[in-house]
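Structure, as structure tokens:
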Amino acid sequence: NWKGPAQSDSYYVEFKNGLGTKLTKFAWQFVWKYGGDMNGVGKYVTQAGIDIDTAYAYLSEHLDVEVKSLKPVNYGTSAAPVGGVDVQVSVSSHGLFEKTTKVCTMTVKGDGTSALGTCEHGSFGVSKPSNDLPAIDPSTVVEIGKEIYQAIEDNQPTLNTTIDWAGAVPKGVTEWTQLENWQGPAQTDGYYVEFKNFLGKKLTKFAWRFVWKYGGDMNGVGKYVTQAGIDIDTAYAYLSEHLDVEVKSLKPVNYGTSAAPIGGVDVQVSVSSHGLFEKTTKVCTMTVKGDGTSALGTCEHGTFGLSKPSNDLPAIDPSTVVEIGKEIYQAIEDNQPTLNTTIDWAGAVPKGVTEWTQLENWQGPAQSDTYYVEFKNGLGKKLTKFAWRFVWKYGGDMNGVGKYVT
Numbered sequence: 014n015w016k017g018p019a020q021s022d023s024y025y026v027e028f029k030n031g032l033g034t035k036l037t038k039f040a041w042q043f044v045w046k047y048g049g050d051m052n053g054v055g056k057y058v059t060q061a062g063i064d065i066d067t068a069y070a071y072l073s074e075h076l077d078v079e080v081k082s083l084k085p086v087n088y089g090t091s092a093a094p095v096g097g098v099d100v101q102v103s104v105s106s107h108g109l110f111e112k113t114t115k116v117c118t119m120t121v122k123g124d125g126t127s128a129l130g131t132c133e134h135g136s137f138g139v140s141k142p143s144n145d146l147p148a149i150d151p152s153t154v155v156e157i158g159k160e161i162y163q164a165i166e167d168n169q170p171t172l173n174t175t176i177d178w179a180g181a182v183p184k185g186v187t188e189w190t191q192l193e194n195w196q197g198p199a200q201t202d203g204y205y206v207e208f209k210n211f212l213g214k215k216l217t218k219f220a221w222r223f224v225w226k227y228g229g230d231m232n233g234v235g236k237y238v239t240q241a242g243i244d245i246d247t248a249y250a251y252l253s254e255h256l257d258v259e260v261k262s263l264k265p266v267n268y269g270t271s272a273a274p275i276g277g278v279d280v281q282v283s284v285s286s287h288g289l290f291e292k293t294t295k296v297c298t299m300t301v302k303g304d305g306t307s308a309l310g311t312c313e314h315g316t317f318g319l320s321k322p323s324n325d326l327p328a329i330d331p332s333t334v335v336e337i338g339k340e341i342y343q344a345i346e347d348n349q350p351t352l353n354t355t356i357d358w359a360g361a362v363p364k365g366v367t368e369w370t371q372l373e374n375w376q377g378p379a380q381s382d383t384y385y386v387e388f389k390n391g392l393g394k395k396l397t398k399f400a401w402r403f404v405w406k407y408g409g410d411m412n413g414v415g416k417y418v419t
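Start counting at 1 in the sequence shown, then tack on 13, and there's your number in the numbering used here.
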């Protein structure tokens with residue numbers, strides 16, 4: 014007999030600086046379901062919490078909201094209980110100013126009513142700078158962001174431009190949003206690294222541009238860099254090959270003067286290819302600067318030949334069949350499908366082969382008839398049922414020899 018959800022009026026907490034600029038704001042309503050009973054007795058509460066109306070934070074600020082439930086109480090009688098619980102919302106703001114927290118508590122009850130407790134809500138001023146902030150020195154350039162990350166890992170793109178970047182900013186600045194007047198992004202010409210075998214067949218190729226935002230200043234002083242990294246144009250790997258790309262940022266430097274600093278940082282791209290041939294890596298470095306310019310450093314780019322097979326590859330024996338893939342995995346776990354056909358499979362391949370892509374001429378997938386398992390209780394009611402087909406790819410061969418499974 015649950016009813017609702019019920020909801021309270023809206024409440025908000027807003028923080029402003031001494032100039033009246035809105036730093037953070039959080040607005041919400043308390044919500045809950047009510048009226049649940051046990052065989053007609055009592056009125057209880059469930060799903061008590063909040064609905065969010067607004068959540069805003071200025072670039073330099075951080076908004077955190079914590080919700081606590083406490084004090085479960087019977088607000089009725091022993092014969093006619095009415096359950097209730099306090100829902101407490103704590104809104105915190107911090108950044109360029111000291112961390113400030115405001116708390117609002119609402120009691121919600123099983124009869125659908127509510128009672129506002131102690132509640133700090135409305136607009137509040139913050140004017141005291143945080144003591145945790147280090148002194149800022151515009152003439153000394155430091156690095157922020159990630160020093161190293163993978164852009165491609167075993168042929169799969171792993172670059173996340175939201176977090177995979179570097180910056181060159183004044184000492185004492187911890188976030189690029191503390192600076193203003195950013196421009197860009199700027200981008201360089203395209204670069205590529207391509208590997209081919211001795212027959213001229215393309216094995217792997219990676220093409221990219223260096224990108225960065227520039228011109229950010231601290232109260233009109235300096236030109237700095239943020240979100241320096243790469244944009245990917247092409248990432249290709251032949252079936253038997255593995256492409257890995259690592260990006261490093263290093264050497265934050267002031268390329269200007271103490272009075273007019275220009276931040277800069279080196280972005281280094283390392284492209285590696287391996288598989289049937291020895292692992293080979295080529296490196297390209299670009300310096301990107303806060304005035305929007307860039308300077309190419311040592312850069313191995315273009316097309317490169319690979320002719321030496323990898324010594325790490327075991328001898329292949331087509332007559333001995335071994336298993337690859339997963340030996341065991343869950344397809345359904347506690348009623349939820351967990352099968353991931355990208356990784357949940359097995360194969361039967363020649364000894365010495367580690368990946369099914371080393372073989373050619375695959376066919377299928379083939380599939381079997383359908384099978385099922387069903388459980389019923391003593392009254393014939395169906396409790397669970399699972400139906401499936403077996404599937405597989407077949408016919409893969411090693412240089413025309415054999416027929417294997419994946």
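Here a beta-carbon is modelled for each residue, glycine too, at the ideal position from N, C-alpha and C. Keep in mind it's a predicted model, so treat the numbers as computed, not measured.
> Exposed or buried, what is Glu207 when buried is set at 16 or more other beta-carbons lying within 10 Å of its beta-carbon?
Replying inline: Here residue 207 refers to the residue found at position 194 of the sequence shown. The residue in question, Glu207, is buried, as its Cβ has 16 or more Cβ neighbours within 10 Å.
> Counting Cβ pairs, one atom from each stretch, are 3 or more of them under 8 Å apart for the stretch 207-216 and the stretch 186-197?
Replying inline: no
>> Under 7 Å, Cβ to Cβ, is there at least one residue of chain B near Asp77?
In response: Reference to chain B is not applicable here, since this structure consists of a single protein chain.
> In the DSSP assignment, what residue or residues form a beta bridge with Lys209?
Replying inline: Counted from its first residue, the sequence shown places residue 209 at position 196. Looking at the DSSP assignment, Lys209 forms a beta bridge with Lys215, Gly318.
> Since Lys16 and Glu27 are thought to touch, with beta carbons under 8 Å apart, how far apart are those beta carbons, to the nearest angstrom?
Replying inline: For the purposes of this step, residue 16 is taken as the residue at position 3 of the sequence shown. For the purposes of this step, residue 27 is taken as the residue at position 14 of the sequence shown. Lys16 to Glu27, Cβ: 33 Å. No contact.
> Residues bridged to Pro170 by DSSP?
Replying inline: Counting from 1 along the sequence shown, the entry for residue 170 is found at position 157. Pro170 is bridged by DSSP to Ile165.
> Looking only at C-alpha atoms, which of Trp178, Ile329, Val418 sits nearest to Val278?
Replying inline: On the sequence shown, position 265 is the one that residue 278 refers to. Considering only alpha carbons, the answer is Trp178.
> So, Val335 versus Lys292, is the Cβ gap smaller than 7 Å?
Replying inline: Reading the sequence shown from its first residue, position 322 is the one you call residue 335. Reading the sequence shown from its first residue, position 279 is the one you call residue 292. Cβ distance not < 7 Å, so Val335 and Lys292 don't count as in contact.
> Going by other Cβ atoms of all chains shown within 10 Å of its Cβ, with 16 needed for buried, is Leu392 buried or exposed?
Replying inline: What you label residue 392 is simply residue 379 of the sequence shown in a count that begins at 1. That one is exposed.
> Would DSSP call Thr294 helix, strand or coil?
Replying inline: The residue you call residue 294 lines up with position 281 of the sequence shown. Of the three classes helix, strand and coil, the one that applies to Thr294 here is strand, per DSSP.
> Looking at the structure shown, is Trp189 part of a helix, part of a strand, or coil, going by DSSP?
Replying inline: For the purposes of this step, residue 189 is identified with residue 176 of the sequence shown, where counting begins at 1. Note: Trp189 maps to helix in three-state DSSP.
> Is the distance from the Cβ of Gln191 to the Cβ of Ser73 below 7 Å?
Replying inline: Here residue 191 refers to the residue found at position 178 of the sequence shown. Here residue 73 refers to the residue found at position 60 of the sequence shown. In contact: Gln191 and Ser73 (Cβ atoms closer than 7 Å).
> DSSP on Trp178, reduced to helix/strand/coil?
Replying inline: Counting from one through the sequence shown, the residue named residue 178 turns up at place 165. Coil at Trp178, not helix or strand.
> What is the DSSP secondary structure of Thr370, reduced to helix, strand or coil?
Replying inline: Looking up residue 370 in the sequence shown gives position 357. DSSP places Thr370 in helix when its eight states are reduced to three.
>> My output table needs one value for Ser73: the three-state DSSP class, helix, strand or coil.
In response: Here residue 73 is taken as the residue at index 60 of the sequence shown, counted from 1. Of the three classes helix, strand and coil, the one that applies to Ser73 here is coil, per DSSP.
> Taking C-alpha atoms, which residue in Met231, Val238, Thr217 lies nearest to Phe223?
Replying inline: Mapped onto the sequence shown, residue 223 falls at position 210. Of the candidates Met231, Val238, Thr217, the one whose C-alpha sits nearest the C-alpha of Phe223 is Val238.
>> I need the DSSP call for Asn421, collapsed to helix, strand or coil.
In response: There is no way to answer for residue 421, as the model of the chain reaches only from 14 to 419.
>> If you follow the beta strand (DSSP E) that Tyr385 is in, where does it begin and where does it stop?
In response: Stepping through the sequence shown from its first residue, residue 385 is reached at position 372. Counting along the chain, the beta strand (DSSP E) containing Tyr385 begins and ends at 376-389.
> Which whole-angstrom value describes the C-beta separation of Gln101 and Leu83, a residue pair presumed to lie in contact below a C-beta threshold of 8 Å?
Replying inline: One-based indexing of the sequence shown puts residue 101 at position 88. One-based indexing of the sequence shown puts residue 83 at position 70. At roughly 6 Å, the Cβ-Cβ gap stays under 8 Å, so Gln101 and Leu83 are in contact.
> Count the other CB atoms within 10 Å of the CB of Thr333; is the residue buried (16 or more) or exposed (fewer)?
Replying inline: In the sequence shown, residue 333 corresponds to position 320, counting from 1. With fewer than 16 other Cβ atoms within 10 Å, it is exposed.
> How big is the Cα-Cα spacing for Ser103 and His75?
Replying inline: Within the sequence shown, the letter at position 90 stands for residue 103. Within the sequence shown, the letter at position 62 stands for residue 75. Cα to Cα, Ser103 sits roughly 14 Å from His75.
> Just reading off the beta strand (DSSP E) that Ser91 is part of, what are its end residues?
Replying inline: Taking the first residue of the sequence shown as 1, we reach residue 91 at position 78. It is not in any beta strand (DSSP E) - Ser91 carries neither H nor E in the DSSP assignment.
>> Three or more C-beta pairs under 8 Å: does that hold for the stretch 348-360 against the stretch 241-252?
In response: no
> Looking at the structure shown, is Val334 part of a helix, part of a strand, or coil, going by DSSP?
Replying inline: In the sequence shown, counting from the first residue as 1, residue 334 sits at position 321. In this structure, Val334 counts as strand in the three-state DSSP scheme.
> For Lys226 versus Asp304, is the C-beta distance shorter than 7 Å?
Replying inline: In the sequence shown, residue 226 corresponds to position 213, counting from 1. In the sequence shown, residue 304 corresponds to position 291, counting from 1. Not closer than 7 Å, so no.
> Quick one: any contact between the stretch 195-205 and the stretch 257-274, if contact means 3 or more CB pairs under 8 Å?
Replying inline: no
> Does DSSP put Thr311 in a helix, in a strand, or in coil?
Replying inline: Numbered from its first residue, the sequence shown carries residue 311 at position 298. If DSSP states are grouped into helix, strand and coil, Thr311 belongs with the strands.
>> Rounded to whole angstroms, what is the Cα-Cα separation between Lys395 and Tyr385?
In response: Here residue 395 is taken as the residue at index 382 of the sequence shown, counted from 1. Here residue 385 is taken as the residue at index 372 of the sequence shown, counted from 1. Distance between the alpha carbons of Lys395 and Tyr385 is about 13 Å.
>> Beta-carbon within less than 6 Å of Thr311's beta-carbon, same chain only, minus the 5 sequence neighbours each way: which residues are those?
In response: By one-based count along the sequence shown, residue 311 stands at place 298. Correct list, in chain order: Thr298.
> Per DSSP, Gln60 is paired with what?
Replying inline: As a position in the sequence shown, residue 60 is number 47, starting the count at 1. Beta-bridge pairing links Gln60 to no other residue.
> Pick from Lys218, Asp382, Val182: whose alpha carbon is nearest that of Ala400?
Replying inline: Position 387 of the sequence shown holds residue 400. Cα-wise, what sits closest to Ala400 is Asp382.
> What does Trp41 pair with, by DSSP beta-bridge criteria?
Replying inline: Reading the sequence shown from its first residue, position 28 is the one you call residue 41. Trp41 is bridged to Tyr24, Ile65.
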